[in-house]
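When the letters of the sequence shown are read in order and numbered with UniProt numbering, they come out as residues 1 to 683.
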Amino acid sequence: MPPTPWRDLWRWRWMITGIALVTAILFGGWASLCAPVFEAQAVLLLDPREERVIDAADQLIGDLKLSSAVVESELAVLRAPQLMRDTVASMTPEALAPLAAPRWPSLLGAPPDTITAAAAAERLSRGLVIERQGDGFAIAVRLRSPDPALSAQVANRLAETYIDAQLTERQRRATAATRWLVAQVEERRAQLVAAEGAVERFKRRQLAATGTSVSLLDQQLVELTTARADAQAAIADGEARLAEFAETDAVSSGQAPELAALRAERARLAREDAGLATRFGPSHGERVALASELGRIETEIAAERVRLRESAETDLEIARRREARLATEIADLERAVADMSESALRLRELERVAEAERVGFETVLDRLGRSRAQVEMQRAEARLISPAVPEPSPTGPGAGVLTGVGAALGLSLGLLAALAREALRSGFARASDLEEATGQRVLAVLPRLPLTRPGAITAALAGRGAGLFGERMRQLRAMMPAGPRGRGQVFLVTSAREGEGKTTLALALADVQARTGARVLAVDLDTRRAALISETLGPGAPDLALHLRDTGPLEAALTRPRSAVFDVTGLPFDEGLLSDRLLRDRIAMLLDRLRARYDVVVLDAPPILSVADGLTLAPLCDETLFLVRAEVTPRASVLAALDALAGVGVTPAGLILGSADPAAEPGRYPSDGVEAERWENVA
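Here is the structure:
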């Protein structure tokens, strides 16, 4: 049975009593020698109300957006030594005279006549307490000094100095911003003048080069295009007329009225001859006259056709020449339009630049006008709502109270000393002691190795540097409980306290599991240290917190370190407590996804007794492995951690005794006949 804690403490009762007695005497003597202390309190209010004379969007120096972080920052300003030095510098030597009295009058004799400003500021700073009142925006300025009037005066003067410094700083910053805006206005004005000058110069050059505009050229181009279309139509008409002359009577009467009249006359004479032919022969006089007339008409028809053909050919040639001339003019005009369009593009670009400069100049000019008004309207964002008043009676504790405090403190120190001595001797050296004390099975006893960093364990396991440690890790792998087929297992690796070696164990477990061909993921959820991520990935490692906040995919948080055989992910060092900032169901869903993706998932969890994260994670995992560092982890810590796990319904699959001396355990596993190396675990 393990020793009873109270029985162990009883062994150190005389030491505890002696420490309590000595501290009580020291505190009582100190209280009897101390000069009386008077306390005064002034209350400042950080005013969150905003004046609407100037819109918030137009302010160069914005008002404080009050929050807990801002209030803490203002508390730090009030505690700054420089603020106290400025306060003391504004006070008269007579007001600071009470500080010249010695704090131990019975030992130091007569007080000095004066005290330096630096010494006064340093002494007053030791009696200054600045704290927030409740959850609001009120700040208490409490000051303790040997004189009640001095305490009240310094507390009020410190608050006033803080308010004046706030206002002065805001005015200084607003003035500096105004000077910057004046310079910006001059610079923007010069840029605007240059841009507008460039536009005017380009317009003058364009007008001098072309003497016309793009719109006029476009109108001329339309007219020439229409004329060319007419010329092309005339060419087609002329070609059609020439084609008609290929046939004897193809020329229409509409195109040649003279030819039509000759044809009509020929037809009439032919009809008369046909009528005479029924009665007379060819030699008849009238028929001979008609034949002569028909011959003359045929001659005139042939001559008219020749004349018409020559006229059509002349008209066609004229139309073709006109079309060619118009085509040349159109090509020249199109080139001129293209040149003018490029110039127009350049002009529009210059005009856009000038417009942008004009808008920028007007914006800065308007901003300058508003900023000059703001310089004159600055106000402090704090006000004194309760000035300090002198208290007639001292507030420091009496000798009896301090003696009791000393006795309580001594008793606490004695108990701590006794517990420390018990902790130093209450570690477990052998697995049998650990099993007897806890009633749980020890799965493996891991020896010490000469490694300075946990990250070196994977290289040691890959080579021959692990020795006995590698054999014991493979033994642990064989003894670990198997999960259901087709579904990955999540193992939580934790310990009672920091520095037990759990990060090294998690890395080694992931390595030996991965070397069997399994898909393995090591997850660093120890957000207080993030040792696993820093050892394997270093700065800039993928952040699992982005996936847990639904701002990043799971794949982006998974990576495989160089020369490693397993994947690594985790939360960064500054992520905070899981139990405070991440919901339980989010982690449970994440583990379900990891079970589907990997055969084995090893979680490096925070120590059980350090933070609550381990107790949050343990019920979500399939098995828990609890590491105890041999001869270091106190018995009470181990039992308390196991009780805490039991409180959340978790019983570890087994205990692991780490950093053990191989000589203290039977059944050593030598490596090739070489003695197992010792391991100073720093994880």
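Built from N, CA and C at the ideal position, the CB exists for glycine as well.
Taking only three categories from DSSP, how would you classify residue 220? helix
Where residue 442 falls: helix, strand or coil (DSSP): strand
Residues in the same chain with beta-carbon distance under 6 Å from residue 541, minus the five sequence neighbours each way, listed in chain order, please. 533
Cβ contact (3+ pairs, closer than 8 Å) linking the region 607–623 and the region 487–506: Yes: the two stretches touch, three or more of their Cβ pairs being nearer than 8 Å.
Classification of residue 52 by the beta-carbon crowding that lies within 10 angstroms, buried from 16 upward: Only weak support is given to the placement of residue 52: the predicted model assigns it a pLDDT of 45, under 50, and the question is left unresolved by the model.
Tell me, please, which residues DSSP counts as bridged to residue 130. 141
For residue 512, the nearest candidate out of 499, 559 and 460 (CA to CA): Scanning 499, 559 and 460 for the CA closest to the CA of residue 512 turns up 460.
Who are the Cβ neighbours of residue 708 in its own chain at under 6 Å, not counting the five residues just before and after it? A query on residue 708 cannot be resolved here, the shown segment of the chain reaching from 1 to 683 and no further.
Taking its Cβ as the centre, do 16 or more other Cβ atoms sit within 10 Å of residue 20, making it buried, or is it exposed? buried
CA-to-CA distance, residue 570 to residue 428, given in whole angstroms: 31 Å
Report the residue from 419, 408 and 384 whose alpha carbon sits nearest the alpha carbon of residue 163. 384
Cβ contact (3+ pairs, closer than 8 Å) linking the region 220–232 and the region 317–334: yes
With a threshold of 16 other CB atoms inside 10 Å of the CB of residue 84, please say whether the residue is buried or exposed. buried
For a test of the three-state rule: what should DSSP assign to residue 42, helix, strand or coil? strand
Could you tell me the alpha carbon to alpha carbon distance between residue 178 and residue 167, rounded to whole angstroms? Taking the straight line from one Cα to the other gives about 16 Å.
Tell me which residue opens and which closes the alpha helix (DSSP H) that residue 87 is part of. 81–89
Can you find at least 3 beta carbon pairs, one from the region 439–458 and one from the region 650–658, that sit closer than 8 Å? The answer is yes - the region 650–658 touches the region 439–458, with three or more Cβ pairs under 8 Å.
Please return the same chain residues whose Cβ sits closer than 8 Å to the Cβ of residue 535, not counting the five positions on each side in sequence. Around residue 535: 453, 454, 455, 503 and 507.
Buried or exposed: where does residue 473 fall if 16 or more other Cβ atoms within 10 Å of its Cβ makes it buried? buried
Measuring CB to CB, does residue 599 end up less than 7 Å from residue 519? In this structure, the beta-carbon distance from residue 599 to residue 519 falls below 7 Å.
Simplified DSSP state of residue 650, which is helix, strand or coil: Coil at residue 650, not helix or strand.
Could you pull out every unbroken beta strand (DSSP E) segment of at least 3 residues lying fully inside the region 517–581, listed in chain order? 520–524 and 567–570
Would residue 685 be called buried (16 or more neighbouring beta carbons within 10 Å of its own) or exposed? Nothing in the structure corresponds to residue 685, since the chain is present only between 1 and 683.
Suppose contacts are defined by Cβ-Cβ distances below 7 Å. Is residue 259 in contact with residue 293 by that definition? no
Quick check: what's the CA-CA separation for residue 412 versus residue 127? 26 Å
Nearest to residue 91 by CA position, among 134, 287 and 153, is which residue? 153
Would you check if the distance between the CB atom of residue 27 and the CB atom of residue 406 is smaller than 7 Å? yes
So, is residue 298 buried or exposed, given that buried needs 16 or more other C-beta atoms within 10 angstroms? exposed
Compare the beta carbon distance of residue 388 and residue 155 with 7 Å and say whether it is the shorter of the two. The answer is yes: Cβ separation under 7 Å.
Give the DSSP-derived three-state secondary structure of residue 498 in the structure shown. coil
When DSSP labels each residue in this structure, what does residue 420 get in the three-state scheme? When DSSP states are grouped into helix, strand and coil, residue 420 belongs to the helix group.
Coil, strand or helix - residue 386 by DSSP: strand
Within the same chain, show all residues whose beta-carbon is closer than 7 Å to that of residue 14, passing over the 5 residues directly before and after it, in chain order. none
Does the region 317–328 come close enough to the region 228–241 to have 3 or more Cβ pairs within less than 8 Å? yes
Rounded to a whole number of angstroms, what is the C-alpha to C-alpha distance between residue 565 and residue 522? 11 Å
Residue 477 - containing alpha helix (DSSP H), residue span: 468–479
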